[in-house]
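A.B. asks:
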Amino acid sequence: MNPYYNTITDKCMKISFDLIVEAHISLRLTEDVDVSIIESDKAVEMGRKASAFLRGVCNIQILFVSTEALEIKKANSLEPVAELCRDALTIWNEETPVFKKLIQLAIKSNLEVGWEALLGVLMNCPKLQILVIKGLYHRHHDGCGNERLENIHFFLSSSPVKMFKIFIRCRHICDNRKMDIVQIRHFLEKMPALEKLIVYYHTSLDTDAFNLFKRLQETPKVASPKCKIQVISRNLYLSSTLP
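Be aware that the sequence shown starts at 1, since it is given in UniProt numbering, and climbs by one per residue.
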C-alpha cells in the first residue's frame with residue numbers, strides 16, 4: 001500500500017483514487033490554525049473540504065479513521081479544538097458519500113471526539129461486515145441531542161455488521177466502568193446481524209476480565225439469534241454464545 005499524504009487547505013483539489021482498496025485517514029488541525037478566532041462558517045468550510053476528500057475514496061473496501069490526532073493543545077485548552085472538530089465533523093457527516101464497497105471500518109477515538117462523531121460514515125456503509133473501535137469513547141452528555149441519539153439507535157438497529165471488535169484499556173473501563181459496559185451491552189441488544197463480538201481488554205487483572213465477561217453474559221436480550229462473545233485479556237481468553 002502506497003501512502004498518500006495531503007492537507008486540506010484553502011485550496012482543496014479534487015481527488016479520485018478509484019483503484020484504492022484500503023485507506024488510513026487521520027483527522028487533525030495543522031499548527032497554523034488559530035482556534036481562538038475560528039468561527040462556525042470556517043468549521044463548515046473545513047467539513048465540506050473533508051467531504052470532498054471522502055468522495056474521492058468512496059470506493060474503498062477497508063477504511064481506518066483516527067481522531068486521536070485531534071488532541072492538540074492550543075490556547076492552554078483542548079476544548080476550542082474539540083468544539084471546532086465536532087462542528088467540522090457534523091458538516092462532514094451531513095455530506096458523507098455512500099461507501100458502497102466498504103466491508104471493514106476501524107475507528108480510533110479519544111476523550112474529546114468520541115466514536116459517534118463519525119456516525120455519518122457508519123450510516124453510509126450498506127455492506128459493512130467488520131467494525132473495529134479502538135477506545136470506546138462516547139460523548140454522551142447533556143449536549144448530546146435527541147437527534148444524535150436517534151441516529152445512533154437507527155444505525156445499530158439496521159447495522160449489517162457481523163463482526164464487532166472493541167479495544168479498551170483497564171484505565172478506560174475503570175474510570176467509567178458502568179458506561180463502557182452499558183455501551184457494549186447496548187450493541188448486543190440492538191445489532192441484528194451481529195455474529196461475533198470481541199472485546200480486547202488491556203488489563204493484567206484477571207478479575208476485571210472475568211467481571212466484564214460475566215456482565216456481558218447477563219445481557220437481558222440479544223438482537224442476533226446466536227451471537228458469540230469473547231473477552232480477551234493478557235492472561236485470559238473467555239468465550240460464550242448468547243443467548
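Every residue gets a Cβ at the ideal spot worked out from N, C-alpha and C, and that includes glycine.
Check for me: the alpha helix (DSSP H) holding Phe210 runs from which residue to which?
C.D. replies: Element bounds for Phe210: 206 to 217.
A.B. asks: Just checking my contact of Gln104 with Ile133 at CB under 8 Å: how many whole Å lie between their CB atoms?
C.D. replies: Incorrect: roughly 12 Å between the Cβ atoms, too far for contact.
A.B. asks: Note down the Cα distance separating Glu195 from Lys214, rounded to an integer number of angstroms.
C.D. replies: Those two C-alpha atoms are separated by around 19 Å.
A.B. asks: Rounded to the nearest angstrom, what separates Asp208 and Arg169 at their Cα positions?
C.D. replies: When rounded, the distance between both Cα atoms is 11 Å.
A.B. asks: Am I right that Asp180 and Leu136 are in contact with their C-beta atoms under 8 Å? What's the rounded C-beta distance?
C.D. replies: At roughly 6 Å, the Cβ-Cβ gap stays under 8 Å, so Asp180 and Leu136 are in contact.
A.B. asks: Counting C-beta neighbours from all protein chains within 10 Å, is the total for Thr241 16 or more, i.e. buried, or is it exposed?
C.D. replies: Exposed, since its Cβ has fewer than 16 Cβ neighbours within 10 Å.
A.B. asks: Under DSSP, the beta strand (DSSP E) around Val199 begins and ends at which residues?
C.D. replies: 196 to 202 is the span of the beta strand (DSSP E), which, as asked, contains Val199.
A.B. asks: If you count every other CB in all the chains shown that lies within 10 Å of the CB of Val121, and 16 or more means buried, which is it?
C.D. replies: Under this definition Val121 is a buried residue.
A.B. asks: Between the alpha carbons of Leu156 and Val65, how many angstroms are there, rounded?
C.D. replies: Their Cα atoms are separated by approximately 19 Å.
A.B. asks: For Gly56 and Ala106, I'd like the C-alpha separation in whole angstroms.
C.D. replies: Rounded to whole angstroms, Gly56 to Ala106 spans 19 Å at the Cα level.
A.B. asks: Note down the Cα distance separating Tyr237 from Ala52, rounded to an integer number of angstroms.
C.D. replies: Taking the straight line from one Cα to the other gives about 43 Å.
A.B. asks: Just the C-alpha distance for Asp18 and Ile232, rounded to the nearest angstrom, thanks.
C.D. replies: If you take the alpha carbons of Asp18 and Ile232, they lie about 37 Å apart.
A.B. asks: Kindly indicate which three-state DSSP category Ala106 falls into: helix, strand or coil?
C.D. replies: In the structure shown, Ala106 sits in a strand (DSSP, three-state: E or B).
A.B. asks: With distances taken Cα to Cα, identify the nearest neighbour of Lys108 among His24, Pro126, Glu150, Ile152.
C.D. replies: That would be His24, whose Cα lies nearest to the Cα of Lys108.
A.B. asks: Taking the alpha-carbon of Pro160 as reference, which of His153, Phe167, Met191, His186 has the nearest alpha-carbon?
C.D. replies: Comparing Cα positions, the closest option is Met191.
A.B. asks: So, at 6 Å on beta carbons, what are the nonlocal neighbours of Asn235 in its own chain, with the 5 sequence-adjacent residues on each side left out?
C.D. replies: The answer, listed in chain order, is Asp206.
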